[in-house]
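K.L.:
Here our numbering is used: the first residue of the sequence shown is 27, the next is one more, and so on. Quick one: the structure is below, and I'll ask about it shortly.
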Amino acid sequence: MTVPSASAQPDRRSRKRFATRRAISAVADRLFFERGFDNVTIDEIAAAADVGRMTVFNHFPRKEDMFFDRDEEGRETLRDALRQRDPSVAPLEALRLLAHQLVREQKPYVEFSVRSESFIETVKGSEALKARARAIRGELEQLVAGVLSECVGRDQNDPDAHLAAGLLMASWTVAFIQAHRTFHETRDAGQSTAIFLAIIDKGARGVTAAMAGTPYV
Numbered sequence: 027m028t029v030p031s032a033s034a035q036p037d038r039r040s041r042k043r044f045a046t047r048r049a050i051s052a053v054a055d056r057l058f059f060e061r062g063f064d065n066v067t068i069d070e071i072a073a074a075a076d077v078g079r080m081t082v083f084n085h086f087p088r089k090e091d092m093f094f095d096r097d098e099e100g101r102e103t104l105r106d107a108l109r110q111r112d113p114s115v116a117p118l119e120a121l122r123l124l125a126h127q128l129v130r131e132q133k134p135y136v137e138f139s140v141r142s143e144s145f146i147e148t149v150k151g152s153e154a155l156k157a158r159a160r161a162i163r164g165e166l167e168q169l170v171a172g173v174l175s176e177c178v179g180r181d182q183n184d185p186d187a188h189l190a191a192g193l194l195m196a197s198w199t200v201a202f203i204q205a206h207r208t209f210h211e212t213r214d215a216g217q218s219t220a221i222f223l224a225i226i227d228k229g230a231r232g233v234t235a236a237m238a239g240t241p242y243v
């Protein structure tokens with residue numbers, strides 16, 4: 027019998043924990059899409075996922091966290107795009123390029139499909155989810171402002187960084203809304219993605235012009 031090394035065990039535990047988290051989230055999404063977010067209880071999710079109530083809370087402190095389960099992944103993606111960019115690429119340009127990269131890699135948060143439409147409709151049907159979505163947008167804006175200023179060695183409260191982050195988040199929000207609206211009207215994922223990227227690019231040009239003379243461009 028092969029005895030696993032001590033270093034391998036945490037990786038195995040991490041994989042198991044990740045798999046459990048994903049399984050709970052998948053079950054929760056199915057119930058949310060079928061019945062509406064506010065009509066599903068934690069106990070029902072636990073039963074459907076065949077886990078205990080406390081197991082659900084160990085992975086997701088709030089019910090909203092199950093729905094927005096890729097939130098932290100998205101934050102890490104933004105951080106990495108800025109911190110790991112080629113030094114020859116300006117911070118704002120790195121974020122424009124990130125949008126194109128996410129589309130090429132078919133990441134779920136830039137998906138415009140029947141599934142993503144169900145996601146949007148579920149949010150629209152819940153005041154709790156709408157409130158959390160607004161909070162996440164604000165948190166992402168603060169995150170982008172902080173990492174932008176960090177990238178160029180400015181103070182975390184640099185007004186230029188906060189202006190840039192606010193303008194960026196506004197353009198990304200419009201891009202998402204219009205792309206989802208296009209899919210709803212046309213059922214054409216390719217056209218929806220093209221709309222998304224066109225608005226991202228146009229918004230990036232506007233932010234770049236606004237930030238002219240700063241180290242962010």
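Just so it is clear, CB atoms sit at the ideal spot from N, CA and C, and this is done for glycine as well.
Since leucine 108 and tyrosine 242 are thought to touch, with beta carbons under 8 Å apart, how far apart are those beta carbons, to the nearest angstrom?
P.N.:
Taking the sequence shown and counting its residues from 1, the one referred to as residue 108 is at position 82. Taking the sequence shown and counting its residues from 1, the one referred to as residue 242 is at position 216. Their Cβ separation, rounded to whole angstroms, is 10 Å, which puts leucine 108 and tyrosine 242 out of contact at 8 Å.
K.L.:
Rounded to a whole number of angstroms, what is the C-alpha to C-alpha distance between alanine 205 and alanine 116?
P.N.:
On the sequence shown, position 179 is the one that residue 205 refers to. On the sequence shown, position 90 is the one that residue 116 refers to. Distance between the alpha carbons of alanine 205 and alanine 116: 26 Å.
K.L.:
So, leucine 174 versus alanine 187, is the Cβ gap smaller than 8 Å?
P.N.:
To locate residue 174, count along the sequence shown from 1; it is residue 148. To locate residue 187, count along the sequence shown from 1; it is residue 161. Against a cut-off of 8 Å, the Cβ pair of alanine 187 and leucine 174 comes out as a contact.
K.L.:
Below 8 Å between beta carbons: does that hold for alanine 21 and isoleucine 226?
P.N.:
Residue 21 lies beyond the range of the chain shown here (27 to 243); nothing can be said about it.
K.L.:
Cα separation between threonine 28 and arginine 48?
P.N.:
Residue mapping note: residue 28 aligns to position 2 of the sequence shown, counting from 1. Residue mapping note: residue 48 aligns to position 22 of the sequence shown, counting from 1. Annotation note: pLDDT 41 at threonine 28 (below 50); position unreliable, coordinate value reported separately. Roughly 29 Å between the two C-alpha positions.
K.L.:
If contacts are defined as beta-carbon pairs under 8 Å, then glutamate 137 and histidine 210 qualify, I think. What distance do you get, rounded to the angstrom?
P.N.:
As a working mapping, residue 137 is identified with position 111 in the sequence shown. As a working mapping, residue 210 is identified with position 184 in the sequence shown. With a Cβ gap of about 14 Å, glutamate 137 and histidine 210 do not count as contacting.
K.L.:
Would you check if the segment 42-59 and the segment 79-95 touch, i.e. whether three or more CB-CB distances between them fall below 8 Å?
P.N.:
The answer is yes - the segment 42-59 touches the segment 79-95, with three or more Cβ pairs under 8 Å.
K.L.:
Note down the Cα distance separating isoleucine 146 from phenylalanine 63, rounded to an integer number of angstroms.
P.N.:
On the sequence shown, position 120 is the one that residue 146 refers to. On the sequence shown, position 37 is the one that residue 63 refers to. So the alpha carbons of these two residues sit roughly 12 Å apart.
K.L.:
What does the alpha-carbon distance come out to for the pair glutamate 153 and alanine 159?
P.N.:
Sequence index remark: in the sequence shown, residue 153 carries index 127 (1-based). Sequence index remark: in the sequence shown, residue 159 carries index 133 (1-based). So the alpha carbons of these two residues sit roughly 10 Å apart.
K.L.:
How close, in whole Å, do the beta carbons of isoleucine 162 and aspartate 97 come, if the pair is a contact with beta carbons under 8 Å?
P.N.:
Here residue 162 is taken as the residue at index 136 of the sequence shown, counted from 1. Here residue 97 is taken as the residue at index 71 of the sequence shown, counted from 1. With a Cβ gap of about 6 Å, isoleucine 162 and aspartate 97 count as contacting.
K.L.:
On the criterion of 16 or more Cβ atoms from any shown chain inside 10 Å, does glycine 229 qualify as buried, or is it exposed?
P.N.:
Start at 1 with the first residue of the sequence shown, and residue 229 comes out as number 203. Buried, because 16 or more other Cβ atoms sit within 10 Å of the Cβ of glycine 229.
K.L.:
What's the gap between the Cα of threonine 199 and the Cα of alanine 215?
P.N.:
Reading the sequence shown from its first residue, position 173 is the one you call residue 199. Reading the sequence shown from its first residue, position 189 is the one you call residue 215. Using only the alpha carbons, I get a separation of about 18 Å.
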